[in-house]
Every structure is written in structure tokens, then in C-alpha cells.
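Basically our numbering = 1-based index in the sequence shown + 167.
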Amino acid sequence: NHLRRWEKGEDAREPVARYLRTYSIYLHDHLNKENKFFDEAEAHVLAKEEEIEMYEQYRSVIAITKKVEDMIIEIDLLESKSWFSFSDIK
């Protein structure tokens with residue numbers, strides 16, 4: 168509203184200036200907080216080598232887990248065969 172009055176020739180510079188100053192303070196504060204956040208996040212982010220190593224460890228654990236699951240399925244399959252009997256186990 169003050170900007171429109173000022174555009175029409177009224178002397179409404181002071182309210183516009185106060186608004187712009189307040190907005191400037193808000194932006195400055197917000198950008199500083201944003202920069203601080205990204206600086207802290209950057210400090211905690213893993214290096215590319217660490218990320219690759221962690222991924223390889225994850226793949227290794229998953230492969231072992233999958234292998235154990237496959238072995239259990241195969242044991243169950245063998246135990247379900249007609250020729251298998253628990254009495255044969257001593």
C-alpha cells in the first residue's frame with residue numbers, strides 16, 4: 168500500500184524504507200543461518216573414499232546375509248526330500 172502511494176507521488180518513502188530495512192535484516196539473518204547449516208553439513212559429510220568403502224562393506228554384509236538365506240532354503244529343500252530321514256543322523 169505504501170509503495171503504491173509513493174508511486175503516485177505521495178511522500179511514503181519512510182514506511183517503504185522501514186519495510187526494506189526490516190526485510191534486509193530478515194534476509195541477512197536467514198542467509199547466515201543457511202550458510203552455517205551448509206558449512207556444518209559439509210563438515211560432517213563423508214569423503215568420497217569413505218562413502219565408497221561404506222558401500223562396499225554394505226554390499227559384503229548383504230552378500231553374506233543372502234548366502235545364509237540361500238543355504239537355509241537349500242537345507243529345507245534337502246530335508247523335505249523323501250530319501251531324507253532324521254533317524255539317519257547320529
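Don't be surprised by glycine CBs; every beta carbon is placed ideally from N, CA and C.
Measure the alpha-carbon distance for residue i versus residue j and round it to whole angstroms.
i: His197; j: Glu207; result: 15 Å
i: Glu218; j: Arg171; result: 55 Å
i: Leu244; j: Asn202; result: 59 Å
i: Ser247; j: Met238; result: 14 Å
i: Ala129; j: Glu223; result: The shown model of the chain, from 168 to 257, leaves out residue 129, and the question about it has no answer.
With H, G and I counted as helix, E and B as strand and the rest as coil, what does DSSP make of residue i?
i: Val212; result: coil
i: Ser247; result: coil
i: Glu123; result: The structure shown does not extend to residue 123, since the chain is modelled only from 168 to 257, so the question has no answer here.
i: Ser191; result: helix
i: Lys203; result: helix
i: Ser252; result: coil
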